[in-house]
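Asks: Residue numbers for the sequence shown follow this note's numbering, so the first one is 1358 and each next one is one higher.
By construction, the Cβ of each residue, glycine as well, lies at the ideal position given by its N, Cα and C atoms.
Quick one: this structure, given as structure tokens, is what I'll be asking you about.
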Amino acid sequence: MANELNSFDIQEILKLLPHRYPMLLVDKVVDHKPGEYLHAVKNVTANEPIFTGHFPDQPIFPGVMILEALAQATGLLGFKTVENRSDNELYLFAAIDNARFKQPVVPGDTMHLHVQFVKERRNIWKFSAEAKVDGNVVCSAEIMCARREF
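This is the structure:
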């Protein structure tokens, strides 16, 4: 069960992530524990610009966008984990391993993004990630992000 004290809304997400529409792919955080895990939500809607070309007659949310949503969730967990971070810090994709897609995501679906911190070494953070719709895994991957200051 989600703890209201551990959730945060789009305003907090906008403070932490540099992404903006149409590339912001996390709508809210349901629960998190710094240094351990984060559970976020992405509502997939029919009016998203990606569906004009992927695919107009059979809209499917692209797998690369699912991975990007998961990566944004890892960034949020990273930012919430580091105390006294610089305003000039970013988390950048470093690698994706073992990405698997189990079923398509379509307009009307609510993706639950589950990311778990695995380890950190020399400012490279490793996470285990899953996206679920209706309790079913639609995508899983290991994601590595590089923590960089600009």
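Just to confirm the assignment, what range does the alpha helix (DSSP H) spanning L1427 have?
Replies: Here residue 1427 corresponds to residue number 70 of the sequence shown, with the count starting at 1. Looking at the DSSP string, the run of the alpha helix (DSSP H) that includes L1427 is 1420-1438.
Asks: Could you name the residues of the same chain whose beta carbon sits closer than 6 Å to that of A1403, not counting the 5 residues immediately before and after it, in chain order?
Replies: Residue 1403 sits at position 46 when you count from the first residue of the sequence shown. Cβ within range, chain order: P1464.
Asks: On a CA-only basis, which of V1475, V1462, A1430 is nearest L1447? Give me that one, please.
Replies: Indexing the sequence shown from 1 puts residue 1447 at position 90. It is A1430 whose Cα lies nearest to the Cα of L1447.
Asks: Which residues bound the beta strand (DSSP E) around I1453?
Replies: Taking the sequence shown and counting its residues from 1, one reaches residue 1453 at position 96. Where I1453 is concerned, the enclosing beta strand (DSSP E) stretches over 1446-1458.
Asks: Tell me which same chain residues have a C-beta within less than 7 Å of the C-beta of P1419, skipping the five on either side of it?
Replies: Position 62 of the sequence shown, counted from the start, is the residue given in the question as residue 1419. Hits under 7 Å: I1407, H1411.
Asks: Looking at R1478 and G1435, is the spacing between their C-beta atoms short of 8 Å?
Replies: Here the question's residue 1435 lines up with position 78 in the sequence shown. Here the question's residue 1478 lines up with position 121 in the sequence shown. No, Cβ-Cβ distance for G1435 and R1478 is not below 8 Å.
Asks: Can you find the residues in the same chain that come closer than 6 Å, C-beta to C-beta, to F1507, ignoring five residues on each side of it along the sequence?
Replies: Reading the sequence shown from its first residue, position 150 is the one you call residue 1507. Counting only Cβ-Cβ distances below 6 Å, and skipping sequence neighbours, we find N1445.
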